[in-house]
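The sequence shown begins at 1 in UniProt numbering and counts up by one. The beta-carbon is built from N, C-alpha and C at its ideal position, and this holds for glycine as well. Structure first, commentary second.
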Amino acid sequence: MDFIGSPETMKYTTSNPLQLSKLTVTLKLDQSHFKDGRKLLLQCTALINTLYKQTSELRLPIKSTEPVPEKAKA
């Protein structure tokens, strides 16, 4: 998988003692990254040492730019 540019992490200060950061990643994808040629699974995991772990998943369908041929009928 190819990155476009480099991942960028932004850190923000808040009015309380908590810290907030945002990571932006831009990836160059091709057909092989899509499950069954139709869906992309994005997964993000947040870790704070051994104290906290949360994972979120998002499945994205692709927009076909080419017509999909019909299945042959017997």
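Excluding sequence positions up to five before and after glutamate 57, its CB lies within less than 6 Å of the CB of Gln43, all in the same chain and listed in chain order.
About 45 Å separates the CB atoms of proline 17 and arginine 38; that is not less than 8 Å, and the two are not in contact. Linking threonine 9 to serine 32 through their CA atoms gives a straight-line distance of about 27 Å.
Taken through DSSP and simplified to helix, strand or coil, glutamine 19 comes out as coil.
Annotated as proximal: lysine 11 and serine 21, with beta-carbon spacing under 8 Å.
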